[in-house]
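Take 1 as the starting number for the sequence shown in UniProt numbering and just add one per residue. Glycine residues also receive a C-beta, built at the ideal position from the N, C-alpha and C atoms. I have placed the structure first, in the form of structure tokens, so that the comments after it can refer back to it.
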Amino acid sequence: MTYNQKKSITILGKDINVGESRELSFGVANLHTSSSVDVPVIVERSKKPGPVVLFTAGIHGDEVNGVEIVRQIIAKGINKPKRGTIICMPVINVFGFVNLERQFPDGRDLNRVFPGSSKGSLASRVAHKLMKEIIPDVDFILDFHTGGSGRFNAPQIRLIKDKPDLDDFAHVFNAPFVLYSKNIKKTFRNACTKLGKPILLYEGGKSFHIDAQVTNTGVNGAKRILKHFDMLSSKFKTTTPKISPVFINNSRWQRANFSGMFKPSAKISSKVNKGDVLGNITDPYGKLNHFVKASHSGYIINVNESPIVYQGDALFHITTKLK
Numbered sequence: 001m002t003y004n005q006k007k008s009i010t011i012l013g014k015d016i017n018v019g020e021s022r023e024l025s026f027g028v029a030n031l032h033t034s035s036s037v038d039v040p041v042i043v044e045r046s047k048k049p050g051p052v053v054l055f056t057a058g059i060h061g062d063e064v065n066g067v068e069i070v071r072q073i074i075a076k077g078i079n080k081p082k083r084g085t086i087i088c089m090p091v092i093n094v095f096g097f098v099n100l101e102r103q104f105p106d107g108r109d110l111n112r113v114f115p116g117s118s119k120g121s122l123a124s125r126v127a128h129k130l131m132k133e134i135i136p137d138v139d140f141i142l143d144f145h146t147g148g149s150g151r152f153n154a155p156q157i158r159l160i161k162d163k164p165d166l167d168d169f170a171h172v173f174n175a176p177f178v179l180y181s182k183n184i185k186k187t188f189r190n191a192c193t194k195l196g197k198p199i200l201l202y203e204g205g206k207s208f209h210i211d212a213q214v215t216n217t218g219v220n221g222a223k224r225i226l227k228h229f230d231m232l233s234s235k236f237k238t239t240t241p242k243i244s245p246v247f248i249n250n251s252r253w254q255r256a257n258f259s260g261m262f263k264p265s266a267k268i269s270s271k272v273n274k275g276d277v278l279g280n281i282t283d284p285y286g287k288l289n290h291f292v293k294a295s296h297s298g299y300i301i302n303v304n305e306s307p308i309v310y311q312g313d314a315l316f317h318i319t320t321k322l323k
């Protein structure tokens with residue numbers, strides 16, 4: 001991968017030279033109380049040339065697990081590179097994060113308005129500022145996400161197919177699963193891809209929740225990526241899991257046949273065979289006890305952890321075709 005070798009890079013209109021450490025403010029708008037909202041952007045540059053790597057999280061304000069991963073990267077000093085530059089943005093949608101809401105105050109999903117507009121909605125203006133004032137000098141992006149409310153995602157990397165360099169990066173990161181998924185229009189991932197910026201999207205856990213295994217997988221994956229670029233400080237060590245990632249071409253949701261109280265018994269990331277009991281649905285009166293059985297064989301990469309489900313609700317996301 002070719003990388004930025006400028007002695008000075010420009011982030012949020014500020015020139016940052018090699019060897020400098022800066023904390024900048026990604027400000028777009030105040031709260032309705034006129035209080036300012038400052039989103040710290042933490043930049044660490046080595047004196048030695050190397051890639052510019054960006055760690056982002058909190059595009060959705062309720063996805064606190066990703067925020068915790070980037071927080072740990074900063075708190076542990078992993079973001080101080082041996083060479084090159086590391087930029088950390090732990091909370092992009094600070095408006096949603098304050099209220100633990102997925103969307104912006106304008107009701108828009110930030111991850112559906114990229115590349116944004118300087119004259120658009122609040123979410124669109126944030127997307128535009130990110131793409132125009134941070135991304136241009138970046139060489140590689142790791143974007144941390146979380147599953148939806150009540151649905152727990154197995155730790156996984158998502159990327160587009162037929163990009164050998166992304167496959168290589170996914171192997172380096174070494175999450176348990178790698179899911180091929182098309183870029184959705186107007187997402188951050190799609191906007192970066194159009195600019196030729198390699199980006200890996202990490203998913204793990206569920207909203208409103210911090211899971212130690214998911215965060216550890218994210219932090220360790222970030223360390224492996226930095227080591228791959230020869231950017232990781234020598235005081236940090238990495239380990240390579242004995243099992244390689246499972247690359248997934250296709251997957252399918254298994255849905256509830258009945259409404260009721262749901263109790264999953266199959267574990268996230270486990271491999272199941274067709275006909276295996278995955279959980280059961282009961283009613284409050286002791287009359288219904290429906291066993292949910294696997295409709296096909298595969299790995300479980302998402303489990304609905306909601307105690308109440310309705311007929312047709314997605315219960316388990318199970319792989320159907322591996323690479």
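The beta-bridge partner set that DSSP reports for Gly279 consists of Pro264, Val292. Scanning the stretch 54-89 from its first residue to its last, the whole alpha helix (DSSP H) runs of 4-plus residues come out as 64-75.
Look at Val214 here: in three-state DSSP terms it is helix. Boundaries of the beta strand (DSSP E) around Pro155: 151-159. For Arg189, same chain residues with a beta-carbon under 6 Å away, outside a window of 5 residues either side, are Asn183, Ile199, Leu201 in chain order. DSSP, read as helix, strand or coil, puts Arg22 in strand.
Between His145 and Asp211, the alpha-carbon positions lie close to 13 Å from each other. Judged by beta-carbon spacing, Ser269 lies beyond the 8 Å limit of Lys206, meaning their Cβ atoms are not closer than that value.
Non-local C-beta neighbours of Ala127 in its own chain, meaning closer than 7 Å and more than five positions away in sequence, comprise Leu110, Val113, Phe114, Pro115, Gly116, ordered along the chain. Excluding residues up to 5 positions away in sequence, Ser121, Leu122, Ala123 lie with their Cβ nearer than 7 Å to the Cβ of Asp106 in the same chain.
Going by DSSP, Arg112 is part of no beta strand (DSSP E) at all; its letter is neither H nor E.
In the DSSP assignment, His145 is bridged to Glu203.
For Ile11, the closest alpha carbon among the candidates Arg83, Val53, Val214, Pro264 is that of Val53.
Phe97 sits close to Gly61, with the two beta carbons spaced by under 8 Å.
For Thr193, no beta strand (DSSP E) encloses it; the enclosing alpha helix (DSSP H) starts and ends at 188-194.
Each residue's CA atom was taken as its position, placing Val39 and Val138 some 19 Å apart.
In this structure Met89 touches Val41 by the C-beta definition: roughly 5 Å separates them, less than 8 Å. A contact between stretches requires three or more CB pairs, one per stretch, nearer than 8 Å, and the stretch 223-231 fails this requirement with the stretch 280-298. In this structure, Gly275 lies near Lys293, with their beta-carbon atoms less than 8 Å apart. Taking each of Glu63, Phe291, Ala170, Gly13 in turn and checking the Cα distance to Gln156, the smallest one comes out for Ala170.
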